[in-house]
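To start, the structure itself, in structure tokens.
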Amino acid sequence: MMKKDEQLKLEIAKELGLYDKIKEHGWKSLSPKETGRIGGILSRKKKKTQIG
């Protein structure tokens, strides 16, 4: 069972078209730009959930 954050990260990666890359090569295969993009969207979604 995955943690909620892990599920959300994978969901965002799917939205950005990065899921296959992660599935094949792992999270370490992402560039800093890709990782930052996922992190930024993740934090926005978490804030939105806390506020709304």
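Residues 16 to 67, numbered by the numbering used here, are exactly what the sequence shown covers, in order.
Idealized CB from N, CA, C, for every residue including glycine.
In terms of residues, what are the limits of the alpha helix (DSSP H) holding Ser58? For the purposes of this step, residue 58 is taken as the residue at position 43 of the sequence shown. Element bounds for Ser58: Pro47 to Ile66.
Specify the secondary structure class of Leu25 as computed by DSSP and reduced to three states. The residue given as residue 25 occupies position 10 in the sequence shown. Leu25: helix per DSSP, three-state reduction.
Would you please state the rounded distance, in angstroms, between the beta carbons of Leu57 and Leu23? I believe it to be under 8 Å. Walking along the sequence shown from the start, residue 57 turns up at place 42. Walking along the sequence shown from the start, residue 23 turns up at place 8. Their Cβ separation, rounded to whole angstroms, is 6 Å, which keeps Leu57 and Leu23 in contact under 8 Å.
State the DSSP-derived secondary structure class of Leu31, mapped to helix, strand or coil. The sequence position of residue 31 within the sequence shown is 16, counting from 1. Helix.
Report the three-state DSSP secondary structure of Lys19 (helix, strand or coil). As a working note, residue 19 is residue 4 in the sequence shown. Helix at Lys19.
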